[in-house]
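Step one of this worksheet: look at the structure below.
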Amino acid sequence: MTDVPVRVELFTFPDTDTTNLKATAKRYTSTSGTSEDGLTLLLAHSLGAHKEQWEPTIRRIFELQKNKDRRDRIREAWAFDWQSHGDAGVVNQETLKSRQDAVSANEWGLALESFVRGYLKGHRVVALGHSAGTGAIMMSMKNTPIHKPPYIAVFLIEPPIISPELFASHEKERVDSAKMSMKMTLERRDTWPDKESAIAYFRRKLPWKSWDPRVFDIYMAITYNALQKEGFRTIATPDGEVITLKASKRQEGLFYLHFSTYIDSAELFRERCDMVPFHVIFGANVDFVPKYIQESLCDASQGRKPASVTRVPNAGHMIVQEDPDGLAGAICEQLNGKNIQISSQL
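The sequence shown begins at 1 in full-length UniProt numbering and counts up by one.
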């Protein structure tokens, strides 16, 4: 299957009213024209990723939706960087140096909320978050009235969302796991003399060696043959310039202990699931989000009623990176009139 050709534009948005951090995003539109009453996608990536890693999934969604009813076709897609990741991590690097903690998913959510309110008025917006990005998507709804949802559907992909009661009963396990992830991240190598050395390093390491080649190439900036284009930036050292990831390992590592976002998200899910359809997607390989968290999020007896639950074969927590085509297929199964609202209320 050949993906629909898309036009890609890069945007930088100024500080919001609530943070002094800029936001960066890319807009994707079909080169063959758009359906003005079609769907607008808003995408938030996972911890340690960047907006471009969504591209293979986005392109396949455009392809899979192109022959559907015009209101189910894709009008445009917006993929955002977390303010500490990707291009945003570069434009905000001086501000980030003075921060003692990671940029929270709350702050990212506020930036998304501001963007949707200011730029997507009248659009039929479908929000998609992966892992930590699910927290940002949920937080972007926090300040909106329950009866006026900003989205006509929400896709939560491998969400680590956990109820207060479940977290309390598994607190030691969750904290110990987060501390281990933080330690491994902070101790991870993060500089290389050149791009070739970085590529060789990541090719032999998990999770990167399990990624779809298209996503890996985007992460390594191979596809574009431009070091500054995607995942890397250069920094000066006494011994000369080296390359490092745009997202600092400090910002990435410190976020692992931010449990409150996921706890608050569980409550928002329960409060909002009757007003907006939440579609939950997991990888069939349970390799990060424990089964008891997955089952709890989908427990209707606790008031959490997803519109659908899908498991994608041959993928785990890093489903965006491992199987973008399978993920796009699972998303598009639900991107039709009967599984989304008529319109958002903003």
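For glycine and all other residues, C-beta sits at the position ideal for the given N, C-alpha and C.
- Following the DSSP letters along the chain, one finds ILE58 in no beta strand (DSSP E) but inside the alpha helix (DSSP H) bounded by residues 55-65.
- For GLY129, the enclosing beta strand (DSSP E) has its first and last residue at 124-130.
- With 16 or more neighbouring CB atoms inside 10 Å of its own CB, LYS22 falls in the buried class.
- When the beta-carbon positions are compared, ASP325 and ARG60 come within less than 8 Å of each other.
- In this structure, PRO160 lies away from ILE319, with their beta-carbon atoms at least 8 Å apart.
- DSSP, reduced to helix, strand and coil, places PHE167 within a helical segment of the structure shown.
- The Cβ atoms of LEU254 and MET182 lie closer than 8 Å to each other.
- For ASP37, same chain residues with a beta-carbon under 8 Å away, outside a window of 5 residues either side, are ARG70, ARG71, ARG75 and ARG124 in chain order.
- Annotation: the continuous beta strand (DSSP E) that includes ALA153 extends over 153-157.
- Sixteen is the threshold: when 16 or more other Cβ atoms of the shown chains lie within 10 Å of the Cβ of TYR262, as they do, the residue is buried.
- Taking 8 Å as the cut-off, the beta carbon of PHE13 is found no closer than this to the beta carbon of ARG27.
- Every alpha helix (DSSP H) stretch that sits fully inside the segment 244-288 and reaches 4 residues is listed by chain position as 249-254 and 260-272.
- In the three-state scheme derived from DSSP, where H, G and I count as helix and E and B as strand, GLU76 is classed as strand.
- Between the alpha carbons of THR95 and GLU333 lies a distance of about 42 Å.
- For SER308, there is no enclosing alpha helix (DSSP H); the residue is part of the beta strand (DSSP E) that begins and ends at 308-312.
- By the Cβ test, the segment 214-222 is not in contact with the segment 139-147, since fewer than three Cβ pairs between them sit closer than 8 Å.
- When Cβ pairs closer than 8 Å are counted between the two stretches, the segment 171-188 is seen not to touch the segment 299-315, the count staying below three.
- Comparing alpha carbon positions, the residue from VAL154, SER197 and VAL103 closest to LYS249 is VAL103.
- 8 Å or more divides the Cβ of PHE155 from the Cβ of ILE58.
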